[in-house]
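Protein chains in written order, with my numbering: chain A, 49 to 213; chain B, 2 to 378.
Report on the structure given below.
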Amino acid sequence: MGRSVRHIAHRVLPLAIGCLVAAGPATVVAQEKGDVAVVVNRDVPVDNLSLSELRRLVLGDREFWPESVRVTLLIRAPVAHERDVILKTVCQMTEAQFRQHWIGKVFRADTAVAPKIVYSNEMSIDLLNRTTGAIAFVDAPQAGTNLKVVKIDGRLPGDPGYLLR
Amino acid sequence: MGHLHTAIRTNVIAAAFAVSLVAPVVASAQPDHASQDQPQSGTGVEYPSLHLSGFADIDFATQAKSEGPRGFSEGQFVLHLASALSPRVNFFGEVSFTPRADAGTGSPPATGFNAEVERAIIRFDQSDRLKVSFGRYHTPVNWWNTAFHHGQWLQTTISRPEMAQFGGKFIPVHFVGGLVEGSLPAGGLNVNYQAGVGNGRGNVISRAGDAGDNNARPAWVLNLFTKPDRVFGLQVGGSLYADRVSLPGQPEFDERIIAAHAVWQHEDPEVIAEIADVRHTQDGAALTTSSLAYYVQAAYRLPSFARLWKPYYRFEHIDIDPADPVFAGVLNLDGSTIGVRYDISSYAAIKTEARTKERASNQPRTNGWFLQIAFTF
């Protein structure tokens, strides 16, 4: 029995670990772009957020706007520049840590609704306009004049010292 | 008769407390068909929206037979359900299938799996400041107990600290009742609270009172913690838990648990420290006992090309009062765990760890080596 256990330990485990390690994580490449604008649905009664408040929203620690409007978080899929900026600057997390955070968040019963993944700025804007309480992150030039852009620590995209770039 | 009246009054107060808390929330959570239960325009959200996820792990262990299973073993197979019933009403469920050597019938009993409803919670969300829920919880008297639940992949290590072990007796792992919770900005301190009332320990103290309380005294729990904006990643808090423990053939004991935790939730480093004092006072007698447990765990996600590796170490200590009849059979512990986690993908990890335990100064240490492949799906 002792020999068979040692045999397993010496032969089978390295093979199993090797197979699993070979699967490897996917490489994530961020695109080079400019400022990322934080935009909200017109009904959201907020004009300015501190970086800490934004972090609490993105990490799901804050689920409601004032007047008890539920937050709907729209976030770009991995690889997008907008997601990369939000994860690094706001959440101070890697892609893997962010995923684990949200899996844990739902698993802890902190929230039943994870962020909604969007695949383009156009999709972000379209859903944002149609979803009460929505917040999204878009490439600043695409935010245009029709969207409600929220200041971050009192600054808008393009302002000196704007953090989300 | 007087005792009965006291019991009825206590339960009525607890029930009235729970109803008064939930009433305004339920009122606002009532289906306003124009806005609440209908899909939010454009989002395509329909209710109920069920989200199913799972956790599982495969383990290998070499250790003393008295400390647990050896060789390969299946870990818990866990299914987690989260369902939004409306924008303000959510259901959470957690079901586990646990391999056991004695799950089946016959002599000797056949091996098999025990199914268990670990958590079943329905929650009404009024706002960030007020959420009210009812169901079966992991008792918020211990940080680990409410952070990782049965998902082994979520926790850095293979094993839970022994003070929060599933099936353990030191803290009441499960709690059946109602919970009020919320968070207050408090000038950037982000103070969170949880206050609950329900059934505490059952006749078997490692089990909750799932089918009703076994005495007329509900259990109470209060948990407060802060996550300050200025120190992102830090959580510091404390808990208070009170219950009446009724064990068959034994006098009744009042139980009071005071616990505290400090957690640095970044991965470079990750630090978790918890301590709990469990005090038992025999009803109508002078016997009072105090048992203490704590652990400190540190881990560090290595930088750059080695970022998939996360070595860790944990020291834990349990000191049971030998005069405590409620904790009869609970073992003392001085133990160390050292290991490393390797994340093979965003959803799977291999962990290996060595443990050394000393149960008493006059007994030899026991050592073990463990391997786990844990994942979510």
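Built from N, CA and C at the ideal position, the CB exists for glycine as well.
Residues of the segment 267–291 of chain B with a C-beta less than 9 Å from any C-beta of chain A: H267 and E268, listed in chain order. Listed along chain B is no residue with a C-beta nearer than 9 Å to that of A/G202; the closest approach is about 16 Å. Here B/F176 is near B/Y138, since their CB atoms are less than 8 Å apart. At least one C-beta of chain A is nearer than 8 Å to the C-beta of B/R120. S98, L99, S100, E101, R103, R104, D109, R110, E111 and F112: these are the residues of the segment 79–113 of chain A whose beta carbon lies less than 9 Å from some beta carbon of chain B, given in chain order.
For the pair B/N204 and B/L248, the CB atoms are nearer than the 8 Å cut-off.
Residues of the segment 309–336 of chain B with a C-beta atom less than 9 Å from some C-beta of chain A are L309, listed in chain order. Within the model, the alpha-carbon separation for A/L122 versus A/F185 is close to 8 Å. Excluding five sequence positions before and after B/K228, the CB atoms of its chain that fall closer than 6 Å to its own CB belong to N191 and Q236, given in chain order.
Just so you know, the alpha carbons of B/D60 and B/G330 end up roughly 27 Å apart. With a cutoff of 8 Å on beta-carbon distance, B/Y343 and B/L309 are scored as near each other.
Neighbours of B/N91 in chain A, taken as residues whose beta carbon is under 7 Å from its own, are A160 in chain order. For B/N368, the uninterrupted beta strand (DSSP E) run begins and ends at T367 to T377, by DSSP. Put simply, the backbone Cα of B/F149 is about 43 Å away from that of A/G192. Given a length threshold of 4 residues, each whole run of the alpha helix (DSSP H) inside the segment 117–189 of chain A is given here in chain order: 129–133, 143–155 and 169–178. In the three-state DSSP reduction, B/P229 falls in the coil class, being neither helix nor strand.
For A/I151, at least one C-beta of chain B is nearer than 8 Å to its own C-beta. Taking 8 Å as the cut-off, the beta carbon of B/I319 is found no closer than this to the beta carbon of B/I258. Of the candidates A/T179, A/D201 and A/I183, the residue whose Cα lies closest to the Cα of A/S98 is A/D201. Distance from the CA of B/Q373 to the CA of A/P114, rounded to the nearest whole angstrom, comes to 45 Å. Distance between A/L204 and B/R89, taken at the CA atoms: about 32 Å.
Chain B has a Cβ within less than 8 Å of the Cβ of A/F155. The beta carbon of B/I345 sits closer than 7 Å to those of I351, all from its chain and outside the five residues before and after it, given in chain order.
Taking the beta carbon of B/H175 as reference, no residue of chain A falls within 7 Å; the closest one sits roughly 14 Å away.
Here B/A220 is actually not in contact with B/A196; their C-beta atoms are around 12 Å apart, not less than 8 Å. Taking B/V232 as reference, the option from B/L334, B/S74, B/G239 and B/Q266 with the minimal CA-CA separation is B/Q266. In this structure, A/T137 sits near A/L211, with a CB-CB distance shorter than 8 Å. Counting every other CB atom within 10 Å of its CB across the protein chains shown gives B/T140 a total of 16 or more, marking it as buried.
Note that the C-beta distance between B/Y314 and B/T338 is below 8 Å. Think of a sphere of 7 Å around the beta carbon of B/T377: the chain A residues whose beta carbon falls inside it are I151, in chain order.
Secondary structure of B/S54 (DSSP, three-state): strand.
Straight-line spacing of the CA atoms in B/W145 and B/P326 works out to 26 Å.
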